[in-house]
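For the sequence shown, numbering that gives the first Met the number 0 begins at 0 and goes up steadily by one.
One structure is given here, and the rest of the page talks about it.
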Amino acid sequence: MYLPDHFNISDQDEIFSFLQANAFGQLISLQDKRITSSHLPFLIAAERKHLQCHLARQNPQWRQLEGQQVLITFQGPHDYVSPSWYQTAGVPTWNYQAVHVYGSCRVFDDAGELAAVVDSLSERYESGFETPWKPQYRDAMLKAIIGVEIEIDEIQCKYKLSQNRSEADQRQVIDQLDNLQSESLAQAMRKTLL
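What follows is the structure in structure tokens.
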């Protein structure tokens with residue numbers, strides 16, 4: 000991705016914190032010489048070297064993933080920014096947070112590995128519910144999915160949050176985003192002002 004210095008985030012703790020908070024991404028690969036994308040929840044390994052997900056076995060994308068270099072994109076809060084919000088001249092733009100992960104794929108269908116992925120995803124997303132669902136699946140359910148592990152080769156992180164504007168302009172953008180109830184993006188911008 001185009002990554003000017005003032006928008007580039009290199010702090011690994013910040014990047015992985017963002018990934019944990021925004022773990023629904025797009026797995027982008029080539030399939031029969033055509034770009035293909037699947038929208039999926041990902042698990043980030045504790046050692047920060049791998050991502051895991053699973054695809055429906057009926058999704059043909061998995062068939063050509065083994066050993067392929069892929070791109071996974073993750074997006075955080077985003078919104079339009081009007082030049083009328085600035086004290087000085089500007090142009091219409093969009094503020095956002097995004098992470099691109101490049102890596103090599105390994106495809107697996109081992110029932111134990113698949114169960115571990117489903118269990119981990121379920122635990123993560125069910126934990127906030129008063130009565131969380133506990134995974135109970137038949138072998139046939141696990142046979143209906145394919146696991147994917149991506150060994151991370153490169154991560155690019157971009158927070159385009161008006162850092163190239165004056166502090167006064169940034170504060171005005173934050174106020175306007177708050178007025179539009181774009182609180183998550185406004186909060187992300189507040190963090191860059193600290």
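Glycine included, every Cβ here is placed at the ideal spot set by N, Cα and C.
From residue i to residue j, what does the alpha carbon distance come to, in whole angstroms?
| i | j | result |
| --- | --- | --- |
| I14 | P40 | 17 Å |
| F17 | E150 | 18 Å |
| L179 | A97 | 21 Å |
| R189 | H49 | 30 Å |
| Q57 | E46 | 31 Å |
| Q11 | P59 | 33 Å |
| R137 | S36 | 28 Å |
| L192 | A139 | 52 Å |
| N163 | E129 | 44 Å |
| L2 | K133 | 42 Å |
| S183 | Y79 | 13 Å |
What distance in whole Å lies between the Cβ atoms of residue j and residue i, which are believed to be in contact at a cut-off of 8 Å?
| i | j | result |
| --- | --- | --- |
| P91 | S181 | Not really, about 15 Å apart at Cβ, beyond 8 Å. |
| L113 | G146 | 5 Å |
| S161 | Q155 | Not confirmed; about 20 Å, so no contact. |
| H38 | L70 | So it is not a contact: roughly 13 Å between Cβ atoms. |
| G127 | T72 | That pair is no contact at about 25 Å. |
| Q67 | C104 | 5 Å |
Quick check on residue i: buried or exposed, where buried means 16 or more other Cβ atoms within 10 Å of its Cβ?
| i | result |
| --- | --- |
| A185 | buried |
| I34 | exposed |
| Y255 | The chain is shown from 0 up to 193; residue 255 falls before or after that span and cannot be answered. |
| S165 | exposed |
| N94 | buried |
| E141 | Residue identity differs from the one stated: residue 141 is Leu in this sequence, not Glu. Buried is the call here. |
| L54 | buried |
Please return the same chain residues whose Cβ sits closer than 6 Å to the Cβ of residue i, not counting the five positions on each side in sequence.
| i | result |
| --- | --- |
| G210 | The structure shown has nothing for residue 210, since the chain only spans 0 to 193. |
| D195 | Residue 195 lies beyond the stretch modelled for the chain, which goes from 0 to 193, so this question has no answer here. |
| G102 | I149, E150, I151, D152 |
| P131 | E125 |
Excluding sequence positions up to five away, which residues of its chain have a Cβ less than 7 Å from the Cβ of residue i?
| i | result |
| --- | --- |
| W84 | Q171, V172, Q175 |
| Q19 | I43 |
| H5 | Q162, N163 |
Return the chain-ordered list of same chain residues with a C-beta closer than 8 Å to the C-beta of residue i, the five sequence neighbours on each side being excluded.
| i | result |
| --- | --- |
| A187 | G75, P76, Q96, Y158, L160 |
| L42 | A22, L50, Q51, C52, V116, S119, L120, R123 |
| M0 | A97, H99, Q155, K157 |
| Q86 | S165, A167, D168, Q171 |
| S9 | C156 |
Using only the heavy atoms of the ligand SAM, determine whether one of them is closer than 7 Å to the beta carbon of residue i.
| i | result |
| --- | --- |
| H5 | As for the ligand SAM, it is missing from this structure, which has no ligand bound. |
>> When you compare the region 63 to 71 with the region 21 to 40, are there three or more beta-carbon pairs, one atom per stretch, that lie closer than 8 Å?
In response: yes
>> With a threshold of 8 Å, are at least 3 pairs of Cβ atoms found where one atom belongs to the region 99 to 113 and the other to the region 136 to 145?
In response: yes
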